[in-house]
Amino acid sequence: MNYAERLENVTVLGAAGKMGRGIVLLAAMEMADLSLEPGHESLTFSLQAVDISQKALSGLLTYLRSQVQRAAEQKAAWLRKAYEKREDLIENRDMINQYIEDVLAIVRPATEIETSYRSTLVFEAIHENLDLKVNLLSRIISHNVRDAWFFSNTSSIPISELNGKANLDGRLIGFHFYNPPAVQKLVELISAESTLPELADFARQFAKKLRKTVVPSHDVAGFIGNGHFMRDALYAVAEVERLTKDFGLVDAIYMVNKVSQDFLIRPMGIFQLIDYVGLDVCQCILGVMNERLPGGRLRSSLLDKLISLGIAGGQYADGSQKDGFLKYEKGRPNGVFDPEKQAYSSFSEVAGRADKALGSLPGQAKPWKTVIQLPDRANFLQGYFRELGAMKTLGADLAIRYGRKSKEIGLGLVNEKVAEREEDVNTVLLTGFYHAYGPINNYFNGGVRS
Amino acid sequence: MKKNRRKVFMTAGYNTVSLGTGRKEFNPKKLRPGLEEYIREAGQGTLQQIGGGENVDEGVISNFMAARFNKQGNLAALIPYVDDNLKWKPCCRVEGACGSGGLGLSVGMKSVLAETADVVLVIGVEVQNTVKAIYGADILAGAGWFRGERKKGHVYFFPAAFSDRAGAYFEKYGREKTRRAFARWYRNAIENARLCETAQEFHNTVENLEALALTEPNPRTFVDHLNVFDCSKVSDAGSAIAIVSEKGLKRIGVPKSEAVEVVGWGQAEADLTIPPEDPTQLETTARAVKKALECAGIPLQELGTVECHDCFTISGLLSIEAIGLAGKGEGADFISAGKTSRQGFLPMNTSGGLIGWGHPTGGTGVRQAVTIWQQLTGKAGNWQISISPNRPYALSVNMGGNDKTVTAIVYRRAE
Numbered sequence: 021m022n023y024a025e026r027l028e029n030v031t032v033l034g035a036a037g038k039m040g041r042g043i044v045l046l047a048a049m050e051m052a053d054l055s056l057e058p059g060h061e062s063l064t065f066s067l068q069a070v071d072i073s074q075k076a077l078s079g080l081l082t083y084l085r086s087q088v089q090r091a092a093e094q095k096a097a098w099l100r101k102a103y104e105k106r107e108d109l110i111e112n113r114d115m116i117n118q119y120i121e122d123v124l125a126i127v128r129p130a131t132e133i134e135t136s137y138r139s140t141l142v143f144e145a146i147h148e149n150l151d152l153k154v155n156l157l158s159r160i161i162s163h164n165v166r167d168a169w170f171f172s173n174t175s176s177i178p179i180s181e182l183n184g185k186a187n188l189d190g191r192l193i194g195f196h197f198y199n200p201p202a203v204q205k206l207v208e209l210i211s212a213e214s215t216l217p218e219l220a221d222f223a224r225q226f227a228k229k230l231r232k233t234v235v236p237s238h239d240v241a242g243f244i245g246n247g248h249f250m251r252d253a254l255y256a257v258a259e260v261e262r263l264t265k266d267f268g269l270v271d272a273i274y275m276v277n278k279v280s281q282d283f284l285i286r287p288m289g290i291f292q293l294i295d296y297v298g299l300d301v302c303q304c305i306l307g308v309m310n311e312r313l314p315g316g317r318l319r320s321s322l323l324d325k326l327i328s329l330g331i332a333g334g335q336y337a338d339g340s341q342k343d344g345f346l347k348y349e350k351g352r353p354n355g356v357f358d359p360e361k362q363a364y365s366s367f368s369e370v371a372g373r374a375d376k377a378l379g380s381l382p383g384q385a386k387p388w389k390t391v392i393q394l395p396d397r398a399n400f401l402q403g404y405f406r407e408l409g410a411m412k413t414l415g416a417d418l419a420i421r422y423g424r425k426s427k428e429i430g431l432g433l434v435n436e437k438v439a440e441r442e443e444d445v446n447t448v449l450l451t452g453f454y455h456a457y458g459p460i461n462n463y464f465n466g467g468v469r470s
Numbered sequence: 002m003k004k005n006r007r008k009v010f011m012t013a014g015y016n017t018v019s020l021g022t023g024r025k026e027f028n029p030k031k032l033r034p035g036l037e038e039y040i041r042e043a044g045q046g047t048l049q050q051i052g053g054g055e056n057v058d059e060g061v062i063s064n065f066m067a068a069r070f071n072k073q074g075n076l077a078a079l080i081p082y083v084d085d086n087l088k089w090k091p092c093c094r095v096e097g098a099c100g101s102g103g104l105g106l107s108v109g110m111k112s113v114l115a116e117t118a119d120v121v122l123v124i125g126v127e128v129q130n131t132v133k134a135i136y137g138a139d140i141l142a143g144a145g146w147f148r149g150e151r152k153k154g155h156v157y158f159f160p161a162a163f164s165d166r167a168g169a170y171f172e173k174y175g176r177e178k179t180r181r182a183f184a185r186w187y188r189n190a191i192e193n194a195r196l197c198e199t200a201q202e203f204h205n206t207v208e209n210l211e212a213l214a215l216t217e218p219n220p221r222t223f224v225d226h227l228n229v230f231d232c233s234k235v236s237d238a239g240s241a242i243a244i245v246s247e248k249g250l251k252r253i254g255v256p257k258s259e260a261v262e263v264v265g266w267g268q269a270e271a272d273l274t275i276p277p278e279d280p281t282q283l284e285t286t287a288r289a290v291k292k293a294l295e296c297a298g299i300p301l302q303e304l305g306t307v308e309c310h311d312c313f314t315i316s317g318l319l320s321i322e323a324i325g326l327a328g329k330g331e332g333a334d335f336i337s338a339g340k341t342s343r344q345g346f347l348p349m350n351t352s353g354g355l356i357g358w359g360h361p362t363g364g365t366g367v368r369q370a371v372t373i374w375q376q377l378t379g380k381a382g383n384w385q386i387s388i389s390p391n392r393p394y395a396l397s398v399n400m401g402g403n404d405k406t407v408t409a410i411v412y413r414r415a416e
């Protein structure tokens with residue numbers, strides 16, 4: 021079975037979820053592209069988009085239509101060549117519309133798992149729940165008649181464990197997209213010892229065709245991405261608890277969020293990121309990691325408490341942000357949750373005193389969005405962090421401590437053989453989390469801090 | 002062309018802002034003025050200077066593709082929308098792609114020459130930001146031969162057509178000097194536009210314009226031989242001007258000193274289905290300009306300013322050679338020597354041209370006439386140049402499609 025034949029019949033499980041729909045989009049476009057290549061006329065491509073929610077599946081098609089249109093507009097030059105022989109397609113619009121139809125014609129929304137029994141490739145993007153994954157994958161492998169290979173989008177569960185429990189016999193690889201898959205460049209590729217080498221080759225080829233940056237991760241719970249993010253988040257919570265004594269919980273959350281975003285020049289503050297991923301998803305990932313990694317310290321009582329109060333973050337069906345640690349208006353945070361009052365305190369109440377306690381940003385400070393576009397970014401960051409290191413403010417102190425911790429976490433991932441190289445850790449944070457710099461750097465060395 | 006059988010004047014020009022990327026007030030996600038608003042603003046801008054619609058005998062509206070950009074046809078019937086007093090007057094709509102404006106002016110002039118009208122209101126308009134550039138390219142490709150050219154054409158049909166001309170010119174006369182001339186042309190365009198508050202590039206603050214314009218073309222994302230700075234932008238704008246006889250001037254109460262006289266004009270049409278014989282030349286432009294100068298009976302040396310059709314830097318350059326200001330292959334040197342800048346020997350496109358002021362396709366020809374009227378009558382404000390009494394003439398060249406529909410007009414301040 022060659023590359024194109026392997027992609028002839030694909031199933032995506034969890035197709036209407038926020039990761040699943042992105043995977044459906046990318047896979048269906050790749051399949052449509054293959055169908056337009058010479059020599060593939062005899063192949064019939066189909067993608068079974070399987071989800072339990074019929075309602076969410078109807079939203080999937082609306083999502084796909086708008087996303088394929090956007091992608092088609094960007095690849096219109098390629099489409100003009102691909103549809104060269106179609107005399108009826110003349111204008112850009114004709115070809116873009118045809119491409120949307122071609123991609124959507126490949127996608128077959130379904131709620132029955134049985135549709136995957138004829139698939140050659142099964143992509144799993146369901147909840148981070150081991151039993152559920154094992155249940156579905158073992159059902160499919162026992163009924164599948166096409167020698168299927170399996171991709172898992174798990175962000176935490178070891179592939180060898182999944183492979184063993186679902187009896188996949190090396191036919192599984194971890195292919196972890198970042199959210200949203202259509203935008204984020206990174207794919208973490210996780211081979212278990214048992215993973216078939218030809219499956220790994222196929223996965224690399226598929227990632228390359230999707231123009232993704234591939235970072236290999238060892239098969240350790242949480243892999244590189246969550247290995248860093250979860251510990252980074254737990255550090256932030258620990259800092260909040262430390263600061264709570266002096267400033268109260270609400271101010272402390274605001275301060276650590278601000279330090280992690282503005283002082284450290286990240287795309288969003290750490291609590292905004294937790295909200296974006298979903299508190300419940302974070303809790304689930306922490307649970308998976310905690311059970312499998314030594315030390316047993318990967319948990320947060322604050323996170324558990326908020327979840328017990330029904331605060332979960334994540335997104336609404338239309339993609340807008342749900343409230344979590346922070347409250348959102350038009351996608352921007354503007355309040356902090358106060359568990360005692362069980363209500364949000366607005367930033368305007370908190371900001372005055374908390375910003376004063378932190379002190380000002382370095383004079384050179386620029387927003388993350390500006391920094392990532394700077395041609396001499398490394399130079400700028402060197403100067404910026406030098407200035408930050410020389411400042412004697414609480415904000416600078418917190419930022420330097422945070423930066424160092426982030427580096428320590430990154431180095432830990434290399435030492436514990438989760439990542440092969442320091443560079444891999446940095447690539448994950450740069451391309452999966454869109455950071456302006458990798459955590460393993462020399463920006464936070466100078467100055468003695470208590 | 003025969004000489005004009007009686008005097009024809011233009012006066013009371015008006016340009017709206019050219020709206021599109023680059024203007025601070027432009028936000029693609031917000032509701033913007035539509036076709037009707039541009040027509041009304043431009044039309045009223047002229048009518049207010051000539052005593053209102055009751056003084057107008059006829060209306061002409063120039064537009065390229067409202068039927069596709071705005072799903073609107075029958076534009077002649079939007080002329081009475083400008084002013085109640087225009088109702089029941091004869092009106093028509095004229096189309097010749099990006100040369101529509103020039104054609105509209107010639108239709109207006111013909112009515113005055115035929116003595117069927119003494120005052121003609123000519124409006125030029127295009128509202129193009131209604132679609133994304135990728136679909137706008139389809140619509141604009143209608144200026145080429147759809148059945149014969151579109152299928153094998155580029156995503157960006159017209160940029161590619163002029164990129165091919167640029168490529169041919171590079172090969173024949175040298176790439177480096179030509180790209181440097183393009184960069185100088187871009188700088189002149191933006192520097193002029195920064196002085197003219199209706200210009201689309203009025204808010205441009207880039208420091209090193211030539212360095213920016215020297216960005217290497219990227220065939221993977223755009224076309225082979227041009228970058229985006231070599232291209233005019235997508236613009237929404239309206240322009241209007243009154244074409245009048247001597248009798249008409251008296252009726253509208255405008256003194257001759259506030260009018261320009263059309264001393265000669267020429268129009269030439271090429272076959273849409275035949276590609277240019279020599280891509281390094283604008284033959285139709287050359288023929289239209291020759292007719293206009295002959296009609297005016299003046300030598301080139303007496304031109305004090307020129308508005309050429311620089312939809313792309315290469316078309317600006319090729320216009321210079323087609324007009325006869327520089328020999329073949331010497332247009333680049335002419336530009337690089339600064340001769341076309343506002344301080345130069347022959348200031349061209351003094352409010353920015355199509356690249357700097359903007360290019361509301363079907364309206365551009367009218368905009369050019371307004372620019373020249375402003376310049377020759379001392380109404381150009383910050384972007385005024387001095388017109389020497391020894392070289393009192395101005396020339397506008399408006400081109401439709403790939404050098405297919407061209408109108409050239411020679412003007413001087415009326416006396």
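In the order they appear, the protein sequences are chains C and F. Basically the numbering used here = 1-based index in the first sequence + 20. Basically the numbering used here = 1-based index in the second sequence + 1. Cβ coordinates follow ideal geometry from the N, Cα and C atoms, glycine included.
Original post:
Are the C-beta of residue 319 (chain C) and some C-beta of chain F separated by less than 8 Å?
Top reply: The sequence position of residue 319 (chain C) within the first sequence is 299, counting from 1. Residue-level contact check: residue 319 (chain C) does not touch chain F, since none of the beta carbons of chain F fall below 8 Å from its beta carbon.
**OP:** Give a yes or no on whether the C-beta atoms belonging to residue 180 (chain F) and residue 210 (chain F) are separated by under 8 Å.
**Re:** Here residue 180 (chain F) is taken as the residue at index 179 of the second sequence, counted from 1. Here residue 210 (chain F) is taken as the residue at index 209 of the second sequence, counted from 1. By the CB criterion at 8 Å, residue 180 (chain F) and residue 210 (chain F) fall outside the cutoff.
Original post:
Can you name the residues of chain C whose CB is closer than 7 Å to the CB of residue 321 (chain F)?
Top reply: Against the second sequence, residue 321 (chain F) aligns to sequence position 320. Result: empty, since nearest Cβ-Cβ is about 31 Å, beyond 7 Å.
Original post:
So, is residue 201 (chain C) buried or exposed, given that buried needs 16 or more other C-beta atoms within 10 angstroms?
Top reply: Residue 201 (chain C) sits at position 181 when you count from the first residue of the first sequence. Classification of residue 201 (chain C): buried, given that the 10 Å Cβ count is 16 or more.
Original post:
Which value, in whole angstroms, describes the spacing of the CA atoms of residue 82 (chain C) and residue 132 (chain F)?
Top reply: For the purposes of this step, residue 82 (chain C) is identified with residue 62 of the first sequence, where counting begins at 1. For the purposes of this step, residue 132 (chain F) is identified with residue 131 of the second sequence, where counting begins at 1. Within the model, the alpha-carbon separation for residue 82 (chain C) versus residue 132 (chain F) is close to 21 Å.
**OP:** Hey, could you find the ends of the beta strand (DSSP E) residue 74 (chain C) is sitting in?
**Re:** The residue given as residue 74 (chain C) occupies position 54 in the first sequence. Here residue 74 (chain C) belongs to no beta strand (DSSP E); instead the alpha helix (DSSP H) covers 74-94.
**OP:** Just the chain C side, please: which residues come within less than 9 Å of residue 133 (chain F) by C-beta, in chain order?
**Re:** The count along the second sequence starts at 1 and reaches residue 133 (chain F) at position 132. Here the neighbours are 93.
Original post:
Taking Cβ positions, are residue 169 (chain F) and residue 281 (chain F) nearer each other than 8 Å?
Top reply: Within the second sequence, residue 169 (chain F) is the residue found at index 168, counting from 1. Within the second sequence, residue 281 (chain F) is the residue found at index 280, counting from 1. Remark: C-beta atoms of residue 169 (chain F) and residue 281 (chain F) approach each other more closely than 8 Å.
Subject >> Proximity test, Cβ basis, 8 Å: residue 111 (chain C) and chain F >> reply: On the first sequence, position 91 is the one that residue 111 (chain C) refers to. At least one CB atom of chain F sits nearer than 8 Å to the CB of residue 111 (chain C).
**OP:** Might you give, ordered along the chain, the residues of its own chain that have their beta carbon closer than 7 Å to the beta carbon of residue 423 (chain C), omitting 5 neighbours on each side?
**Re:** Along the first sequence, one-based indexing puts residue 423 (chain C) at 403. Excluding the 5 residues flanking it on each side, residue 423 (chain C) has same chain C-beta neighbours closer than 7 Å at 284, 463, 464, in chain order.
Original post:
Can you give the Cα-Cα distance for residue 105 (chain F) and residue 163 (chain F), rounded to whole angstroms?
Top reply: The residue you call residue 105 (chain F) lines up with position 104 of the second sequence. The residue you call residue 163 (chain F) lines up with position 162 of the second sequence. Per the coordinates, the alpha-carbon of residue 105 (chain F) lies some 25 Å from the alpha-carbon of residue 163 (chain F).
Original post:
For residue 63 (chain F), does the three-state DSSP call read helix, strand or coil?
Top reply: Translated into positions along the second sequence, residue 63 (chain F) becomes position 62. Here residue 63 (chain F) carries a strand assignment [DSSP, helix/strand/coil].
**OP:** Starting from the beta carbon of residue 18 (chain F), find every residue of chain C whose beta carbon is closer than 9 Å, and list them in chain order.
**Re:** Indexing the second sequence from 1 puts residue 18 (chain F) at position 17. Within chain C, no residue comes near residue 18 (chain F); the closest Cβ sits about 28 Å away, beyond 9 Å.
Original post:
For residue 147 (chain C), does the three-state DSSP call read helix, strand or coil?
Top reply: Residue 147 (chain C) sits at position 127 when you count from the first residue of the first sequence. In the structure shown, residue 147 (chain C) sits in coil (DSSP, three-state: anything other than H, G, I, E or B).
Subject >> Segment contact flag, the stretch 214-223 of chain C with the stretch 414-422 of chain C, C-beta cutoff 8 Å, min 3 pairs >> reply: Counting Cβ pairs under 8 Å, fewer than three are found: no touch.
Original post:
Buried or exposed: residue 445 (chain C), going by 16 or more other Cβ atoms within 10 Å of its Cβ?
Top reply: Stepping through the first sequence from its first residue, residue 445 (chain C) is reached at position 425. It counts as buried.
Subject >> Cutoff 8 Å; reference residue 238 (chain C); Cβ partners in own chain excluding five residues on either side >> reply: Taking the first residue of the first sequence as 1, we reach residue 238 (chain C) at position 218. Residues 210, 437, 438, 439, 440 of the same chain have their beta carbon placed closer than 8 Å to that of residue 238 (chain C), with the five preceding and five following residues left out of the count.
**OP:** Would you kindly work out how many angstroms separate the C-alpha atoms of residue 50 (chain C) and residue 229 (chain C), rounded to a whole number?
**Re:** Your numbering for residue 50 (chain C) matches position 30 in the first sequence. Your numbering for residue 229 (chain C) matches position 209 in the first sequence. Residue 229 (chain C) has its alpha-carbon roughly 8 Å from the corresponding atom of residue 50 (chain C).
Original post:
Over what stretch of residues does the alpha helix (DSSP H) that includes residue 304 (chain C) continue unbroken?
Top reply: As a working mapping, residue 304 (chain C) is identified with position 284 in the first sequence. Taken as a continuous stretch (DSSP letters only), the alpha helix (DSSP H) holding residue 304 (chain C) covers 299-312.
Original post:
So is residue 138 (chain F) in contact with chain C if we call contact Cβ pairs under 8 Å?
Top reply: Residue 138 (chain F) sits at position 137 when you count from the first residue of the second sequence. With 8 Å as the cut-off, residue 138 (chain F) counts as an interface residue toward chain C.
Subject >> Contacts around residue 15 (chain F), its chain only, beta-carbon distance under 6 Å, and the 5 residues preceding and following it disregarded >> reply: Counted from its first residue, the second sequence places residue 15 (chain F) at position 14. Only residues of its own chain outside the window of five on either side were considered, and among them 43, 46, 47, 241 have a CB closer than 6 Å to the CB of residue 15 (chain F), listed in chain order.
**OP:** Would you mind working out which of F:320, F:373, F:313, F:129 sits nearest residue 263 (chain F), comparing C-alpha positions?
**Re:** Here residue 263 (chain F) corresponds to residue number 262 of the second sequence, with the count starting at 1. The closest CA to that of residue 263 (chain F), considering only F:320, F:373, F:313, F:129, is found on F:373.
Subject >> Bridge-paired residues (DSSP) for residue 308 (chain F) >> reply: Position 307 of the second sequence, counting from 1, holds the residue named residue 308 (chain F). In the DSSP secondary-structure assignment, residue 308 (chain F) is bridged to F:397.
Original post:
If you measure from the beta carbon of residue 31 (chain F) to each beta carbon in chain C, is any gap under 8 Å?
Top reply: To locate residue 31 (chain F), count along the second sequence from 1; it is residue 30. So no, residue 31 (chain F) is outside the interface.
Original post:
In terms of alpha-carbon separation, which member of F:109, F:220, F:307 lies closest to residue 393 (chain F)?
Top reply: Position 392 of the second sequence holds residue 393 (chain F). Check the Cα spacing between residue 393 (chain F) and each of F:109, F:220, F:307: the tightest is with F:307.
Original post:
Relative to the C-alpha of residue 333 (chain F), which residue among F:175, F:303, F:245, F:208 is closest?
Top reply: For the purposes of this step, residue 333 (chain F) is taken as residue 332 along the second sequence, with counting starting at 1. Among F:175, F:303, F:245, F:208, the Cα nearest to that of residue 333 (chain F) is on F:175.
Subject >> Presumed contact (8 Å Cβ cut-off) between residue 67 (chain C) and residue 25 (chain C), rounded CB distance >> reply: Taking the first sequence and counting its residues from 1, one reaches residue 67 (chain C) at position 47. Taking the first sequence and counting its residues from 1, one reaches residue 25 (chain C) at position 5. Under the criterion of beta carbons closer than 8 Å, residue 67 (chain C) and residue 25 (chain C) do not qualify as touching, at roughly 15 Å.
Original post:
Of all the residues that make up the stretch 70-101 of chain C, which are near chain F by a beta-carbon distance shorter than 8 Å?
Top reply: Per Cβ criterion, the list reads 93, 96, 97, 100.
**OP:** Please name the residue or residues paired with residue 347 (chain C) in a DSSP beta bridge.
**Re:** The residue you call residue 347 (chain C) lines up with position 327 of the first sequence. Bridge partners of residue 347 (chain C): C:355.
Original post:
So what does DSSP say about residue 206 (chain C), is it helix, strand or coil?
Top reply: For this step, residue 206 (chain C) is matched to residue 186 along the first sequence. Here residue 206 (chain C) carries a strand assignment [DSSP, helix/strand/coil].
Original post:
Going along chain C, which residues have a C-beta under 9 Å from residue 6 (chain F)?
Top reply: Here the question's residue 6 (chain F) lines up with position 5 in the second sequence. Per Cβ cutoff of 9 Å: no residues; residue 6 (chain F) is ~45 Å from chain C at best.
**OP:** Take residue 65 (chain C) as the anchor and find which of C:139, C:185, C:109 has the nearest alpha-carbon.
**Re:** Your numbering for residue 65 (chain C) matches position 45 in the first sequence. For the residues C:139, C:185, C:109, the minimum Cα distance to residue 65 (chain C) belongs to C:139.
Original post:
What's the gap between the Cα of residue 21 (chain C) and the Cα of residue 223 (chain C)?
Top reply: Position 1 of the first sequence, counted from the start, is the residue given in the question as residue 21 (chain C). Position 203 of the first sequence, counted from the start, is the residue given in the question as residue 223 (chain C). Answer to the nearest angstrom: the Cα atoms are 14 Å apart.
**OP:** Taking residue 152 (chain F) as the query, report the chain D residues whose CB atoms sit under 7 Å from its CB, ordered along the chain.
**Re:** In summary, chain D is missing from the structure at hand, where the protein chains are C and F.
Original post:
Any Cβ of chain C within less than 8 Å of the Cβ of residue 113 (chain F)?
Top reply: Here residue 113 (chain F) is taken as the residue at index 112 of the second sequence, counted from 1. No, no contact with chain C.
Original post:
Count the other CB atoms within 10 Å of the CB of residue 397 (chain F); is the residue buried (16 or more) or exposed (fewer)?
Top reply: Walking along the second sequence from the start, residue 397 (chain F) turns up at place 396. If you draw a 10 Å sphere on the C-beta of residue 397 (chain F), you find 16 or more other C-beta atoms in it, and that means buried.
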